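J.: Below is one structure. I have some questions about it.
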Amino acid sequence: MQKKYSSKVNNFFTSTRKYIYKIKEKNFKTGDFFFLVLPWLLLASLLIVFPLILLFFYSFFDVTSSSFISLTMNNYGDFFSTFNMMQVLFTSLLVGIFTTMASLIFGYPIAYYLSNLKNKHKKSTFLILITMPIWINMLIRVLATQVIVQWIAPQIIGTYFGVILGMTYTFIPFMILPIYNSLNKRDRDLEKASKDLGASSMYTFWKITLPNSLNAIYSGSIMVLLPSMTSITVTRYMSGGSINNIGNILENLFVNSTSYTYGAAVAIITLIFMSVIIIVLRLMTKQKRAKKKEGSNE
Numbered sequence: 001m002q003k004k005y006s007s008k009v010n011n012f013f014t015s016t017r018k019y020i021y022k023i024k025e026k027n028f029k030t031g032d033f034f035f036l037v038l039p040w041l042l043l044a045s046l047l048i049v050f051p052l053i054l055l056f057f058y059s060f061f062d063v064t065s066s067s068f069i070s071l072t073m074n075n076y077g078d079f080f081s082t083f084n085m086m087q088v089l090f091t092s093l094l095v096g097i098f099t100t101m102a103s104l105i106f107g108y109p110i111a112y113y114l115s116n117l118k119n120k121h122k123k124s125t126f127l128i129l130i131t132m133p134i135w136i137n138m139l140i141r142v143l144a145t146q147v148i149v150q151w152i153a154p155q156i157i158g159t160y161f162g163v164i165l166g167m168t169y170t171f172i173p174f175m176i177l178p179i180y181n182s183l184n185k186r187d188r189d190l191e192k193a194s195k196d197l198g199a200s201s202m203y204t205f206w207k208i209t210l211p212n213s214l215n216a217i218y219s220g221s222i223m224v225l226l227p228s229m230t231s232i233t234v235t236r237y238m239s240g241g242s243i244n245n246i247g248n249i250l251e252n253l254f255v256n257s258t259s260y261t262y263g264a265a266v267a268i269i270t271l272i273f274m275s276v277i278i279i280v281l282r283l284m285t286k287q288k289r290a291k292k293k294e295g296s297n298e
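Residue numbers (the numbering used here): 1 to 298.
Structure, rendered in structure tokens:
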């Protein structure tokens, strides 16, 4: 009976594997994959696209008007005419940039070291230690960081340095992991060829290893920059409530007040602002890769 059961299981997995291979061989243009993508499209439309459309239209509403629906640009005008809001937005950007830089400076060497580890058990152990904080609730992690900082250097709490420190600790795994995946899959023969031709280890790193990991740096930077600009929890507890970012402002507008239309306008402006940042970073990455290809062709 056990042999029959095991043979049936093996036949099931074998047939499933063959079916998956057949699906992979089909062309996307024929629409064969549409039924697989359809649930995701419906879910994304319901939870992402539709709320964004509502938020966009709601940002033009005038709740002070006596009519049922009144469209206005006053919500956007109030934002750009308020110096404090502009200051909070650019301060959030600076905190995000410094957090991303700190995560890259400390995260890249860690990812590089892990990618060069030959002992698989050590590599797995380090990866578990890096990802383990992500398994814990973010509020608990931030509170633990706050307690440790208060023990070591209590004067840091309530400063931008303390906020950046908390942001870096919270989001640095999202910088390490994509860089590690890229470095772990890199073509090491190029590095060996460079050293065989007389290049130093530092020159090989700057000319071969680092340029080939630019896409991973871009992905990690986006995953660190955007949440660090809007993180409510880290800013609140690491600053002692004395510093606000754009996430705290949105929370106050939607939760602690009735300025929903103004909050919608601030959210749309923040979304556009972040989209511009993503596009700029992407263009910079493409430009560097294009320069690298031109240099290699010469």
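Yeah, the Cβ is synthetic: ideal placement off N, Cα and C, and Gly gets one too.
Being a predicted model, the structure only gives us computed values, none of them experimental.
Starting from the Cα of ILE222, find the closest Cα among THR100, SER194, THR235 and MET73 and give me that residue.
T.: Closest by alpha carbon: THR100.
J.: Please state whether the Cβ-Cβ distance between GLY158 and GLY96 is less than 8 Å.
T.: For the pair GLY158 and GLY96, the CB atoms are not nearer than the 8 Å cut-off.
J.: Identify every run of the alpha helix (DSSP H) within the segment 47-84, keeping only runs that are complete inside it and at least 4 residues long; order them along the chain.
T.: 50-58 and 74-81
J.: Could you check where the alpha helix (DSSP H) with THR168 kicks off and where it finishes?
T.: 160-171 is the extent of the alpha helix (DSSP H) around THR168.
J.: In the DSSP assignment, the alpha helix (DSSP H) including VAL149 goes from what residue to what residue?
T.: 138-152
J.: So the alpha helix (DSSP H) VAL224 belongs to, where does it begin and stop?
T.: 214-230
J.: Am I right that SER142 and ILE246 are in contact with their C-beta atoms under 8 Å? What's the rounded C-beta distance?
T.: Reading off the sequence shown, one finds Val at residue 142, where the question assumed Ser. Not a contact, Cβ separation roughly 18 Å.
J.: By the three-class DSSP mapping on this structure, what secondary structure does LYS118 have?
T.: coil
J.: Which of helix, strand or coil does DSSP assign to THR91?
T.: helix
J.: Measure the alpha-carbon distance for SER275 versus ASN212 and round it to whole angstroms.
T.: 25 Å
J.: Start and end of the alpha helix (DSSP H) containing ALA193?
T.: 188-196
J.: Taking the straight line between their C-alpha atoms, what separation do you get for GLY166 and TYR237?
T.: Rounded to whole angstroms, the gap between the alpha carbons of GLY166 and TYR237 is 9 Å.
J.: Is it true that the CB of SER59 sits closer than 8 Å to the CB of ILE302?
T.: Outside the displayed span of the chain (1 to 298) sits residue 302, for which this structure offers no information.
J.: Going by beta carbon distance, what residues of the same chain come within less than 8 Å of ILE208, once the five residues before and after it are set aside?
T.: LEU190, GLU191 and SER194
J.: Whose CA, out of ALA199, LEU127, TRP206 and PHE174, lies closest to the CA of PRO227?
T.: PHE174
J.: Given a threshold of 16 other Cβ atoms within 10 Å of its Cβ, counted over all protein chains shown, does ASN75 qualify as buried or as exposed?
T.: By the 10 Å Cβ count, ASN75 comes out buried.
J.: Could you tell me whether the Cβ atoms of GLY107 and ILE179 are closer together than 8 Å?
T.: ILE179 is positioned such that its CB atom lies closer than 8 Å to that of GLY107.
J.: Please classify ILE268: does DSSP put it in a helix, a strand, or coil?
T.: helix
J.: In whole angstroms, what is the alpha-carbon distance linking SER219 and ILE277?
T.: 13 Å
J.: Taking only three categories from DSSP, how would you classify THR261?
T.: Helix, per DSSP.
J.: From which residue to which residue does the alpha helix (DSSP H) around PHE248 run?
T.: It is Asn, not Phe, that sits at residue 248 in the sequence shown. That run of the alpha helix (DSSP H) goes 246-254.
J.: Using only the alpha-carbon positions, how far apart do LYS286 and SER70 sit?
T.: 44 Å
J.: Taking 8 Å as the cut-off, decide whether the C-beta atoms of ILE249 and VAL266 are in contact.
T.: yes
J.: Below 8 Å on the Cβ atoms is my guess for ALA111 versus LEU225; work out the distance and round it to an integer in Å.
T.: ALA111 to LEU225, Cβ: 17 Å. No contact.
J.: Do you know offhand how far SER81's Cα is from TYR113's?
T.: 49 Å
J.: Please tell me whether ILE130 and ILE164 are closer than 8 Å, where the distance is taken between their beta carbons.
T.: no
J.: On the DSSP letters alone, give me the boundaries of the alpha helix (DSSP H) that SER201 sits inside.
T.: 201-204
J.: Helix or strand or just coil, what does DSSP make of LYS299?
T.: Since the first and last residues shown for the chain are 1 and 298, residue 299 lies out of range.
J.: Let me know if ALA216 comes out buried or exposed under the rule of 16 or more other beta-carbons within 10 Å of its beta-carbon.
T.: ALA216 is buried by the Cβ-count criterion.
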